[in-house]
Structure formats: C-alpha cells, structure tokens
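Sequential numbering from 1 applies to the sequence shown in our numbering.
Backbone N, C-alpha and C fix where the C-beta goes; we use that ideal spot for every residue, glycine too.
Please read these numbers as outputs of a predicted model, since none were measured by experiment.
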Amino acid sequence: MSDHTNGSGANGAAANPDDRLVIRGLRVAPIASPEHEILQGIDLEVGPGEVHAIMGPNGSGKTTLAYALMGHPAYIVKGGSVTWRGRDILKLSADKRARLGMFLAFQYPTAIPGLSVASFIRSALNAKLQGIDKNPDIDPTDTIKGGVSMMDFRKKMRAKLALLKMDEAFAARYVNEGFSGGEKKRLEMLQMAMLEPQMAILDETDSGLDIDALRVVAEGVNAMLNPELGVLLITHYQRLLNYITPDVVHVLAQGRIVKSGGKDLALRLESEGYGPILREAGLAPDVPDEALLVPMGPDLGEPAAV
Ligand SMILES: Nc1ncnc2c1ncn2[C@@H]1O[C@H](COP(=O)(O)OP(=O)(O)OP(=O)(O)O)[C@@H](O)[C@H]1O
Ligand SMILES: [Mg+2]
C-alpha cells in the first residue's frame, strides 16, 4: 500500500482530511427488497490523487456500491456513513453529489434518443458550474457571469474527443443511441473528461473494449489523473491495471471488502481466481480458483463467463 493513502495526495502535499471520501460501515439494500442487504458494511477511504481498484466476483455488490455512492434512487442506505469534501454525502441528491464533483461512469450506459451528446454534456457542465448551492452570481448561459461560451465549449469538446480518439461526429449523435459497447464506454470517459470531477467512480469501464480501445481509454484516464482527483476503478480484470496503476486494490465479495493490498493482489487474483482469497477471509467461495482466467471472445470484449 502506498504512502498516499495516509492523508497526503499523490503529489505529496498535505491534503485537507475533509477531501477524502470516507465510507464507514455502509450497508445498502435495493428498495425493491429492503431486507436483503447487498452491501453489508463497507469501509473504504479514497483520498485526492489516489486510485483505488475494486475487484470482485459477479454479483458481489460493486455496482451497488457505485450506485449507493452516487445516490441512485433504487437503493436504500440501511446504515453507515459517507463523507466527502466536508459533507454528509448520503444526505445529498444525486445531482448535488455531481455538482460537488462526483462522477459515475456507468457499467451499462443508457441511450437517450433525441438528445445530442453535445447538448447533454453542455447541460451537465453548466449545471456543475453553478456548484452545489447554485450560486446565483453564476449564470452558466452567460459568459460574463462565469458561463462557458459556445466557442470555448466546442474547443474543449474537440480537445477531449481527440484525447479519447473519438470522431468529432460523436458530438452530434444522440446519447448512446446505436453506440457500440466500446463507443458507450468512450462516451462515459468523454463526459468525465469534460466535467473534470474530483471523485470518479468508473464501473467496468474496460468491459466491451478491445485491446486498442482499452489502451486509448486508459491513456485518457491517465491524462485526467491529477492530485485533486480520487478514482474508484471497478474492474474484473487485471489487464486494465496494466495501464492504470492503482495505489490500492480491494477485493469485494459478498457485500464486504475482504482484502486490500497493492497491485500484486490483482496479479494474484488473476492467477488464482477468487477462491483462495475468499477462503482466507473465512468465506466459502462458490467460484473455482481459476475463475479469472476465462477465454475472451474474438474481439477481446466481454469474457464468456466468470
Ligand atoms: N435493484 C436491485 N434489486 C434487486 N436486487 C439487486 C438490485 N441491484 C442489485 N441487486 C442484486 O445485488 C447483487 C449485487 O449486484 P451488483 O450489480 O452490485 O453486482 P456487481 O458486483 O456489480 O456484479 P457484476 O460483476 O456482474 O457487474 C446481485 O445479486 C444483484 O442481483
Ligand atoms: Mg456491476
């Protein structure tokens, strides 16, 4: 585990302890079945400038954690706390969390026919510019009152599209409508690049990407890393961590973080599967030891099964 999990950012500067995302004893259930806790007490801290990878078998609760942190209305927090930037995050609506600088890249992004990528991102950017308390002195539609001019927006968009090696025509297309799996993931990263969050939760951003796209997306993420940005990188596969180096790797299983370690933990998972680590944690695993070594399809996209 690296030094900068202890209160200083990756740049070594002393960080404000309030700027750490602190999750304590978080218990979460779906609203549809509130007695069934998917997350059964998550403890996790992510500081500015830190990259934390979360790995875990299918159904272990990774997406539920991402949704709970972002305030998805289909989940109910049964216990625990989440604080960040001096706020009780659990008291904030999803849009306030986003205005505060939290960002979620979806595992399964949704299509919004009729809404162009450019309009969508511009609206989000404008909303974020006003801040969590909707500063009345800032009018995002007015360049004199702190808004971004259309020209500057287009310039920024062009630069970020280039960073992610996306065709400029994407900006005019409808959000995720007819996008390939890889294009959807790139659009998530484009949103992140444009919104410049301080906490990014990336849920399986590598899934569905072929190896070249994976490299491009990972380079894009690396280019976005900065001492103010904390990253929760949810992934099944070690291969993403070949490109984005995590400070800490956590294993999530059966709704709990059962082990945390360095990058070597991900390598161990790749070679041994989850079985031995789950057994060490006293859990009876229902996954075979070689679970991670699954054959890839011809496009190196989604694995056949885990
Ligand atoms: N809204 C919901 N209603 C009922 N059950 C849910 C709901 N959301 C998640 N679950 C269940 O909670 C468990 C964890 O789901 P989750 O999507 O968080 O897993 P995951 O770790 O992200 O899996 P994967 O690796 O397949 O993406 C699963 O058994 C899932 O069916
Ligand atoms: Mg998931």
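By the Cβ-count criterion, H250 is buried, with 16 or more other Cβ atoms from all chains shown falling within 10 Å of its own Cβ. In this structure, L241 lies away from A105, with their beta-carbon atoms at least 8 Å apart. Per DSSP, P276 lies in no beta strand (DSSP E) segment; the continuous alpha helix (DSSP H) that holds it begins and ends at G275 to E280.
Sorted by position in the chain, P30, A32, I38, N58, G59, S60, G61, K62, T63, T64 and A74 make up the residues whose C-beta lies under 5 Å from a heavy atom of ligand 1. Three or more beta-carbon pairs drawn from the segment 29-41 and the segment 57-73 are found closer than 8 Å, and the two stretches are therefore classed as touching.
Taken in chain order, the complete beta strand (DSSP E) segments of 3 residues or longer contained in the segment 71-145 are 75-84, 102-105 and 112-116. Nearest to I257 by alpha-carbon distance, out of L267, S33, Y243 and E280, is E280.
M166 sits in coil when the DSSP states are folded into three classes, being neither helix nor strand.
As DSSP reads the structure, R256 sits in a beta bridge with A253. Boundaries of the beta strand (DSSP E) around G41: L39 to V46. With a cutoff of 8 Å on beta-carbon distance, G80 and G25 are scored as near each other.
Per DSSP, the beta-bridge partners of D203 are I234. Looking at the backbone, the Cα of L125 and that of G261 are separated by about 36 Å.
For G25, the uninterrupted beta strand (DSSP E) segment begins and ends at L21 to P30.
According to DSSP, I54 shares a beta bridge with I234 and H250. Counting the other Cβ atoms within 10 Å of the Cβ of A169 gives fewer than 16, which makes it exposed. Check the Cα spacing between V46 and each of F179, Y274, G255 and A200: the tightest is with A200. G182 sits in a helix when the DSSP states are folded into three classes. S207 counts as buried, since no fewer than 16 other beta carbons sit within 10 angstroms of its beta carbon. Proximity to Q238 across M189, L229 and V248 peaks at V248, based on C-alpha coordinates.
DSSP, read as helix, strand or coil, puts G59 in coil.
The C-beta distance from M224 to M192 rounds to 7 Å, short enough to meet the 8 Å contact threshold. Per DSSP, reduced to three states, the secondary structure at Y174 is strand. Counting along the chain, I211 sits inside the alpha helix (DSSP H) bounded by residues I211 to M224. The C-beta distance from L164 to M189 rounds to 6 Å, short enough to fall under 8 Å.
The beta carbon of S180 sits closer than 6 Å to no other beta carbon from its chain once the five residues preceding and following it are set aside. Around the beta carbon of I277, 16 or more other beta carbons sit within 10 angstroms, so the residue counts as buried.
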